[in-house]
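The next block holds one structure in the form of C-alpha cells; read it before the comments.
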Amino acid sequence: EYSFLFVHPDGSQLAEIGELLEVGSIRPVIDKVFPFDQAKEAFAYLEKGRAKGKVVVQMR
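All residue numbers for the sequence shown refer to my numbering, where the first residue is 1383 and numbers rise by one.
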C-alpha cells in the first residue's frame, strides 16, 4: 500500500517524520544506492529524471 505525504521543511514536521521512520510506520521507496565514491554518478542518475524513489549516497 502506498500513500504520499507532503510536508514543509520545518523542525516539527521533520521530527515527526523521523519518529514515524524509527517505528516503521512509514518507509521511503529506495530506487538505487550508490557508494560515496560514485556520488557524481548518483547525481547524473537523478538528473535523468527516471528515478522511481529515493536515490541514496551511502556514506559508510
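Note that CB positions come from ideal geometry on N, CA and C, so glycine has one too.
Quick caveat: nothing in here was measured; it's all calculated off a predicted structure.
Measure the beta-carbon distance from residue i to residue j and round it to whole angstroms, keeping in mind my assumption that it falls under 8 angstroms.
i       : j       : result
Pro1410 : Lys1436 : 5 angstroms
Would a C-beta distance cut-off of 8 angstroms place residue i and residue j closer than the cut-off?
i       : j       : result
Ala1426 : Val1439 : no
Cα-Cα, which of the options is closest to residue i?
i       : options                               : result
Gly1443 : Lys1414, Met1441, Asp1419 and Arg1442 : The question about residue 1443 has no answer here: the residues shown for the chain are numbered 1383 through 1442.
Ser1385 : Ile1408, Met1441, Glu1429 and Ile1399 : Ile1408
Asp1419 : Arg1442, Leu1387, Gly1406 and Ile1399 : Arg1442
Are any of the Cβ atoms in chain D nearer than 8 angstroms to that of residue i?
i       : result
Lys1414 : Looking at the structure shown, chain D is missing, and only one protein chain is on hand.
Can you list, in chain order, the stretches of the beta strand (DSSP E) that have 3 or more residues and sit fully within the region 1383 to 1422? 1412 to 1417
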